[in-house]
Amino acid sequence: MAGVAVCGVALAGCGSGGAQAKPSLKGQVIAKTADVPVGGGKLISDLKVVVTQPSQGVFKAFSAACTHKGCTVGTPKDNVIRCACHGSEFAAESGAATKGPATAPLTAIEVKVVGDGIVVA
Ligand code: FES
């Protein structure tokens with residue numbers, strides 16, 4: 087029985103951790119600005135999204151799936167998003183991997199502020 091459970095290269099999302107925000111997130115309020123401290127952030131674990139405020143009034147969001155092995159990263163602190171699994175660190179501003187073992191950036195999710203909410207753009 088060949089071919090069982092083989093990941094097809096033609097299909098996206100096979101075994102790559104599913105890091106993309108679901109299309110259904112578009113337009114959805116994922117956090118309140120008041121819940122995201124400057125220099126810190128908020129992990130929305132059920133959506134696997136992490137929101138940061140690297141500087142006053144600037145909000146960023148990323149997939150919370152670590153680009154190393156897919157663990158969910160922790161709540162951002164001191165403008166750093168850390169993954170507790172193997173110690174990778176990512177910049178809260180850009181999602182760039184600043185400490186390994188992860189080398190790829192967290193997947194950015196476009197967001198905008200609408201009223202007091204952070205909305206997926
Ligand atoms: S899964 Fe995040 S550092 Fe390994």
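Just so you know, the sequence shown maps onto residues 87 to 207 in the numbering used here.
We put the CB at the ideal spot given by N, CA and C, even for glycine.
Between ligand 1 and S174, a heavy atom-to-CB distance of less than 7 Å is present. Between the C-alpha atoms of T189 and G173 there is a straight-line separation of about 12 Å.
Non-local C-beta neighbours of V199 in its own chain, meaning closer than 7 Å and more than five positions away in sequence, comprise T119, F145, ordered along the chain. Remark: the C-beta of G127 is outside contact range of ligand 1, defined as less than 7 Å to any heavy atom. Residue pairing by DSSP places V115 opposite V205 in a beta bridge. K155 has its alpha-carbon roughly 24 Å from the corresponding atom of I116.
A check of alpha carbon separations from G127 across A183, G160, E175 identifies G160 as the nearest. A183 places its beta carbon less than 8 Å from that of P191.
As DSSP reads the structure, V159 sits in no beta bridge. For S131, the three-state secondary structure derived from DSSP is coil. If you draw a straight line from the Cα of G143 to the Cα of V122, it is about 10 Å long.
With contacts defined as CB atoms closer than 8 Å, A150 and V136 qualify as a contacting pair.
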